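Here the structure is laid out as structure tokens; the discussion comes afterwards.
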RNA sequence: GUGGGCGUAGCUCAGUUAGGUAGAGCGCUAGAUUGUGGCUCUAGUGGCCGUGGGUUCGAUCCCCAUCGCUCACCCCA
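Residue numbers (the working numbering): 1 to 421.
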């Protein structure tokens, strides 16, 4: 026998049973997005590599070692998207969306690709859904963003096991102030830092804050806080965000050590984590990115967004509050005798057109086997068609829960079932 | 990229204590008087014991390599 071709490492097949969970989640996402007046956007799966290098940041782990890149026939370097904010912003600029309306509220869902070592809740092809609001600099937009994800958590019934962590990295001026304050504090202890943190000391000192290395953690404990270095405008923005969250009764934890791995963030940053997961406990991350549109060649337009990992979210949902996603079948047609098989497709098609979900046996199996199949599929009704029934233009319609059975004309089947559902 | 654990039927796992090519439960298929499911009973189906090499008369079991899964580091959603 030829070798079986194996799935690529770190990717998943989502089989029908699981896909139903996904669909249930997707319905909730679509519904909430609709209510928050966000429109769906579907950018391409791959973009020029340059977009991510410039958008996400050359020095980030994502860009420097995790991208799936390829060269096409015209020798252009392309990359499977590792995240979608850069793509959405590119699309926003290219399609002049600011001309359509000054605030663009967009959401998306789809697969992302990062070449990391697979782990619980971390895959090489993984799905994210996310939202971006481009155009408003004001804190109420930050708060709406957070409330949007909170609404999805509420709909899913898992808000109780999720924590919102929030912080501000301020505008570029505040960050520059803080950067040197942090470097001044750390400089005397430079040799005590972990190897990666020593490298980051120059390139990206803020990332030292979320190091998990015990030595780093110890040092960082007494480091100056970003909050203390915010200039007036930045501090004011952050204050108002927190105030509105209080008014809306959205609970949060201020985390002075929270920084994000992507370079484009400014001001408010946040992360939703769940205690129902292992080491990969972030189910949503985001923040404001006021400079990104400009950096990618657009005007100076402020924006904010977040992204959430669907596999991780579903892991939480499964353990805390499973979605009801059992398959539903209204009617199963049982055909007795192969001579009548020619009639079945037409009958079923008409019932399907009328809106019922119907199925029948395609293996020409015995009646008993067909009954079992109907039972397995959870059919609400079974229609039995034999010689006598066909001659009279009826089926024996059996309610599979009560066991009651009656003779019903072909054209009465839909009505009879609809009346009882 | 680094480290730990694991790879036996579709699924969950047992097993070979001390090497002689394998079992259970669930599932699936079919019966239990001729046109009626679920429960029960019975029978059947199903595995080059991840792959390749080595040791051996002989390996699923020992050794090596490799691939995959998994957890953690790292990073992030």
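All residues carry an ideal CB built from backbone N, CA and C; glycine is no exception.
Just so it is clear, the structure is predicted and the values come from calculations on it, not from any experiment.
Which first and last residues belong to the alpha helix (DSSP H) in which residue i is found?
i, result
"residue 267", "Careful: residue 267 lies outside any alpha helix (DSSP H), inside the beta strand (DSSP E) at 266-274."
"residue 324", "Taken as a continuous stretch (DSSP letters only), residue 324 belongs to no alpha helix (DSSP H), as it is neither H nor E."
"residue 162", "Careful: residue 162 lies outside any alpha helix (DSSP H), inside the beta strand (DSSP E) at 162-168."
"residue 295", "292-295"
With DSSP run on the structure shown, which of helix, strand or coil describes residue i?
i, result
"residue 248", "coil"
"residue 405", "strand"
"residue 153", "helix"
"residue 431", "Since the first and last residues shown for the chain are 1 and 421, residue 431 lies out of range."
"residue 32", "helix"
"residue 122", "strand"
"residue 253", "strand"
"residue 331", "strand"
"residue 443", "Outside the displayed span of the chain (1 to 421) sits residue 443, for which this structure offers no information."
"residue 128", "strand"
"residue 424", "This structure gives no information on residue 424, because the portion of the chain shown stretches from 1 to 421."
"residue 180", "helix"
"residue 116", "coil"
"residue 5", "coil"
"residue 260", "coil"
"residue 236", "helix"
"residue 316", "helix"
"residue 279", "coil"
"residue 243", "helix"
"residue 25", "helix"
"residue 173", "helix"
"residue 420", "helix"
"residue 148", "helix"
"residue 17", "helix"
"residue 228", "helix"
Determine the burial state of residue i: buried for a count of at least 16 other Cβ atoms within 10 Å of its Cβ, exposed for fewer.
i, result
"residue 374", "buried"
"residue 368", "exposed"
"residue 29", "buried"
"residue 319", "exposed"
"residue 253", "exposed"
"residue 91", "buried"
"residue 103", "exposed"
"residue 356", "buried"
"residue 43", "buried"
"residue 37", "exposed"
"residue 15", "exposed"
"residue 142", "buried"
"residue 176", "exposed"
"residue 190", "exposed"
Return the first residue and the last residue of the beta strand (DSSP E) that residue i is part of.
i, result
"residue 108", "104-113"
"residue 70", "69-71"
"residue 65", "Taken as a continuous stretch (DSSP letters only), residue 65 belongs to no beta strand (DSSP E), being part of the alpha helix (DSSP H) at 61-65."
"residue 87", "Note, residue 87: premise wrong, no beta strand (DSSP E); alpha helix (DSSP H) at 85-94."
"residue 79", "77-80"
"residue 288", "282-288"
"residue 304", "303-309"
Regarding residue i and the ligand FAD, is the C-beta to nearest heavy atom distance less than 6 Å?
i, result
"residue 309", "No copy of the ligand FAD appears in this structure; indeed no ligand is present at all."
Every unbroken alpha helix (DSSP H) inside the region 187-225 [4 residues or more]:
195-203, 214-220
Quick one: any contact between the region 223-238 and the region 123-131, if contact means 3 or more CB pairs under 8 Å?
These segments do not touch.
Note down, one range per segment and in chain order, each alpha helix (DSSP H) of at least 4 residues found wholly within the region 334-418.
344-353, 367-376, 387-392
Any 3 or more C-beta pairs closer than 8 Å across the region 69-89 and the region 163-170
no
Is the region 260-270 close to the region 211-222, with three or more CB pairs under 8 Å?
no
Please give me, in chain order, every unbroken run of the beta strand (DSSP E) with length at least 3 that falls completely inside the region 34-61.
46-48
Within the chosen definition, does the region 396-406 reach the region 357-366 through at least 3 CB pairs nearer than 8 Å?
no
Quick check: the region 194-214 against the region 148-163, are at least 3 beta-carbon pairs closer than 8 Å?
Judged by Cβ distances under 8 Å, the region 148-163 makes no contact with the region 194-214, as fewer than three pairs qualify.
Contact between the region 314-328 and the region 20-34 is defined here as three or more beta-carbon pairs at a separation below 8 Å; is this criterion met?
yes
Cβ contact check for the region 84-103 and the region 196-205: 3 or more pairs under 8 Å
no
For the region 334-347 against the region 292-304, are there 3 or more C-beta pairs whose distance is under 8 Å?
No, the region 334-347 does not touch the region 292-304.
With contact counted as at least three CB pairs below 8 Å, one residue from each stretch, are the region 7-20 and the region 279-299 in contact?
Contact fails: fewer than three Cβ-Cβ distances are below 8 Å.
Assess, as a yes-or-no matter, whether the region 102-121 is touched by the region 273-280 under the definition of 3 or more beta carbon pairs within less than 8 Å.
Contact between the region 273-280 and the region 102-121 is present, because at least three Cβ pairs lie under 8 Å.
Could you tell me whether the region 76-88 touches the region 48-65, using the rule of 3 or more Cβ pairs below 8 Å?
yes
Flag this pair as touching only if the region 220-227 and the region 179-198 have three or more C-beta atom pairs under 8 Å; answer yes or no.
yes
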